[in-house]
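Q: The structure that follows is given in the form of structure tokens.
Residue numbers (this note's numbering), protein chains in the order written: chain A, 14 to 298; chain B, 65 to 363.
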């Protein structure tokens, strides 16, 4: 693997096995990899990897601060803000930080230069390592509403880590956090389960992949718990099924203990190695 | 009327299956599916009829270029903080350079439109998804579909809640049960603010426990009283005990535990709640007991 590539593991539905797949393919590969956990709201991959931490960095967004000596209270800032994040009480502007998108519009609109943009911490980035894995994740502060700026910071840090392959553990869903976690990756692995919920969310996740114009394949996890609809759908739509993994109570129990399956026995080693080979093969097509 | 939001932190712990079952037991209920990213409740609790046509929802803005007024001054590209404006040669305009907006990156701030000296960039309302209001076998239900790659989930969640609340109040319903989404971000916050109680469904895994601690903190942050149910508790009884201890330390009651049971999936495949699919199964009785216990605590 000489050219830097990014593979994201996503799903639509929560709890299908994204982190299990991301962690185990990172762990079973012989070459160094970068594992980036972009589920910054509820990061779990570190529980399995247990990295030795190297550094921690706060991640901030810019919010307006109002200089009351210069402010004349006429509210150009409030008028230009398309998120209704600023109100004016009397002659004093008041910001609702959870609504602010840090666009800089108010700063530019103020005729009195009364606005400075100041950083506000929304969470932090942590980098560490374990064996051949370079590990990065983000942890959003509780009470923060918007994860994309932190996810973007994780993606940037992963890109700056060097030339190795990047594996991204994405959050569940199909909207802006997932888009931020998976945009411009070289390949998208969609992990699903063969149930009505799994299928419904897979269709949405697949639409996301198509909108972003990213090559994608599917893993059906707990493949024997449900029905055939997911398989029929993939066949009809010509979506490659990279692997079909039956439910194993033992695997679920190991997962519950945050164990890395490929370190437990050769059966899982073989399973995930094969899976990774399939991903790389489908990527090259 | 009591409003309860069911959340989890971690995805896949069983929120929707539980909401469906409690929706059946509650008798006098309105259901709201606030997992607008990936709505699932309507797959078990199918709409029988619609109260209104699906409503197109608009929120936020998108940018539109009027090429005739563009002088290619280039101001729009650098002013954008979201990397959403790029001056590119357009094949359909014989390779002419024009600003192109990336809808996946654009956050609708309008800074490009504001800075454009010739007003060549217009701002229009953005369509973000659809709202559905239906009748189901358990009562009225409100759910929504947020368009792929959208970023206004909070607004749609609030709309679902407001509509559901209106039905609950007008029709004298005793319960408003809200199916929440995983995570701790804006759709979850929008589904929590102002409710009477949060019901946290966690699972007996270390990942579940880790995420449980964060969602507990979120509930405390917004001063919402919460109850907890540990699903799949027999997968790892050690972790179950740790979760119970975490909850106790924070003064949060564990309502009970549910064993891992493949019947939940079978019921879902049949588009039924577990109470409909396997009414005599032990898990069905556990859910009945949990609902009775929850009712006692709340009323």
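Note that the Cβ used here is the ideal one computed from N, Cα and C, for glycine as well.
Going along the chain, which unbroken runs of the beta strand (DSSP E) with 3 or more residues stay wholly within the stretch 190-249 of chain A?
A: Within the stretch 190-249 of chain A, the complete beta strand (DSSP E) runs of at least 3 residues are 200-205, 229-234.
Q: Given a cut-off of 8 Å, decide if residue 292 (chain B) and residue 266 (chain B) are closer than it, judged by their beta-carbon atoms.
A: Closer than 8 Å, so yes.
Q: Heavy atom of the ligand MN less than 7 Å from the Cβ of residue 274 (chain B), yes or no?
A: The ligand MN is not part of the structure shown, which contains no ligands of any sort.
Q: Around the C-beta of residue 239 (chain B), are 16 or more other C-beta atoms found within 10 angstroms, so that it is buried, or is it exposed?
A: When all chains shown are included, residue 239 (chain B) counts as buried.
Q: Could you have a look at residue 161 (chain A) and say whether DSSP puts it in helix, strand or coil?
A: The answer is helix: DSSP assigns residue 161 (chain A) an H, G or I state.
Q: By the three-class DSSP mapping on this structure, what secondary structure does residue 114 (chain A) have?
A: In this structure, residue 114 (chain A) counts as coil in the three-state DSSP scheme.
Q: In the DSSP assignment, find the alpha helix (DSSP H) that holds residue 140 (chain B) and state where it starts and stops.
A: Here the alpha helix (DSSP H) through residue 140 (chain B) covers 140-143.
Q: Please report how far the alpha carbon of residue 124 (chain B) lies from the alpha carbon of residue 143 (chain A), in whole angstroms.
A: Residue 124 (chain B) and residue 143 (chain A): Cα-Cα distance of roughly 43 Å.
Q: Tell me, to the nearest whole angstrom, how far the beta carbon of residue 338 (chain B) is from that of residue 348 (chain B); I am working on the premise that it is less than 8 Å.
A: So it is a contact: roughly 5 Å between Cβ atoms.
Q: At the level of alpha carbons, what is the spacing between residue 231 (chain B) and residue 353 (chain B)?
A: In a straight line, the C-alpha of residue 231 (chain B) is about 27 Å away from that of residue 353 (chain B).
Q: Going along the chain, which residues of its own chain have a beta-carbon closer than 7 Å to the beta-carbon of residue 135 (chain A), five neighbours each way excluded?
A: Closer than 7 Å at the Cβ level, and outside the excluded window around residue 135 (chain A), lie 72, 73, 74, 153, 154, 157, 162, 163.
Q: Should the stretch 106-113 of chain B be regarded as contacting the stretch 276-294 of chain B, the criterion being three or more beta carbon pairs within less than 8 Å?
A: Flag = no, the stretch 106-113 of chain B and the stretch 276-294 of chain B do not touch.
Q: Considering only C-alpha positions, which residue in the set A:272, A:256, A:111 is nearest to residue 160 (chain A)?
A: Measuring from the Cα of residue 160 (chain A), the nearest candidate turns out to be A:111.
Q: Determine, using beta carbons only, whether residue 199 (chain B) and residue 145 (chain B) come nearer to each other than 8 Å.
A: No, these two residues do not count as a Cβ contact at 8 Å.
Q: Taking just the CA atoms, how far does residue 242 (chain A) sit from residue 249 (chain A)?
A: So the alpha carbons of these two residues sit roughly 10 Å apart.
Q: Across which residues does DSSP place residue 149 (chain A) in a beta bridge pair?
A: A:49, A:140.
Q: Report the three-state DSSP secondary structure of residue 185 (chain A) (helix, strand or coil).
A: Correct three-state label for residue 185 (chain A): coil.
Q: Alpha carbon to alpha carbon, what distance is there between residue 260 (chain A) and residue 342 (chain B)?
A: The alpha-carbon atoms of residue 342 (chain B) and residue 260 (chain A) are separated by roughly 22 Å.
Q: Could I get the ranges of all uninterrupted alpha helix (DSSP H) runs contained in the stretch 188-272 of chain B, with 4 residues as the minimum, in chain order?
A: Correct list: 217-234, 250-256.
Q: Measure from the C-beta of residue 248 (chain A) to each C-beta in chain B and report whether the shortest distance is under 8 Å.
A: Cβ-Cβ to chain B under 8 Å: no for residue 248 (chain A).
Q: So is residue 74 (chain B) in contact with chain A if we call contact Cβ pairs under 8 Å?
A: It does; some Cβ of chain A falls within 8 Å.
Q: Run down chain A in chain order and give the residues with a C-beta less than 7 Å from the C-beta of residue 148 (chain B).
A: What residue 148 (chain B) touches in chain A: nothing, since even the nearest Cβ is about 11 Å away.
Q: Taking only beta-carbon positions, decide if residue 293 (chain B) is within less than 8 Å of chain A.
A: By this cut-off, residue 293 (chain B) is not an interface position.
Q: Alpha carbon to alpha carbon, what distance is there between residue 113 (chain A) and residue 180 (chain B)?
A: Answer to the nearest angstrom: the Cα atoms are 22 Å apart.
Q: So residue 66 (chain A) is in the alpha helix (DSSP H); what residue range does that whole segment cover?
A: No alpha helix (DSSP H) contains residue 66 (chain A), which is instead part of the beta strand (DSSP E) from 65-79.
Q: Under 6 Å Cβ to Cβ from residue 48 (chain A), same chain only, skipping five residues before and after it: list those, please.
A: So the qualifying residues of the chain are 39, 146, 148, 180.
Q: Distance check for residue 345 (chain B) and residue 165 (chain A), CA to CA, integer angstroms please.
A: The alpha-carbon atoms of residue 165 (chain A) and residue 345 (chain B) are separated by roughly 47 Å.
Q: Thinking residue 184 (chain A) and residue 51 (chain A) are a contact (beta carbons under 8 Å), I'd like their distance in whole angstroms, please.
A: Indeed, because the Cβ distance is near 6 Å, the residues count as touching under 8 Å.
Q: Here's the rule I'm using: 16 or more other beta-carbon atoms within 10 Å means buried, otherwise exposed. How should residue 68 (chain A) be labelled?
A: With fewer than 16 Cβ atoms within 10 Å of its Cβ, residue 68 (chain A) is classed as exposed.
Q: Determine which residues of the stretch 216-227 of chain A have a Cβ less than 8 Å from any Cβ of chain B, and write them out in chain order.
A: Residues 217, 220, 221, 224, 225.
Q: Locate the alpha helix (DSSP H) running through residue 88 (chain B), then write down its first and last residues.
A: Unbroken alpha helix (DSSP H) run through residue 88 (chain B): 79-90.
Q: Can you give me the C-alpha to C-alpha distance between residue 20 (chain A) and residue 303 (chain B), rounded to a whole angstrom?
A: Rounded to whole angstroms, residue 20 (chain A) to residue 303 (chain B) spans 32 Å at the Cα level.
Q: Let me confirm a value: residue 283 (chain A) is counted as buried when at least 16 other C-beta atoms fall within 10 Å, else exposed. Which label applies?
A: Result: exposed.
Q: Taking residue 246 (chain B) as the reference, which of B:285, B:94, B:67, B:80 has the closest Cα?
A: When each option's Cα is compared against that of residue 246 (chain B), the closest is B:80.
Q: Spatial neighbours of residue 177 (chain A) within its chain, please: CB distance less than 8 Å, with the 5 preceding and 5 following residues excluded, ordered by chain position.
A: Result list for residue 177 (chain A): 14, 17, 44, 45, 46, 47, 147, in chain order.
Q: What number of angstroms, rounded off, separates the C-alpha of residue 217 (chain B) from the C-alpha of residue 210 (chain B)?
A: The alpha-carbon atoms of residue 217 (chain B) and residue 210 (chain B) are separated by roughly 7 Å.
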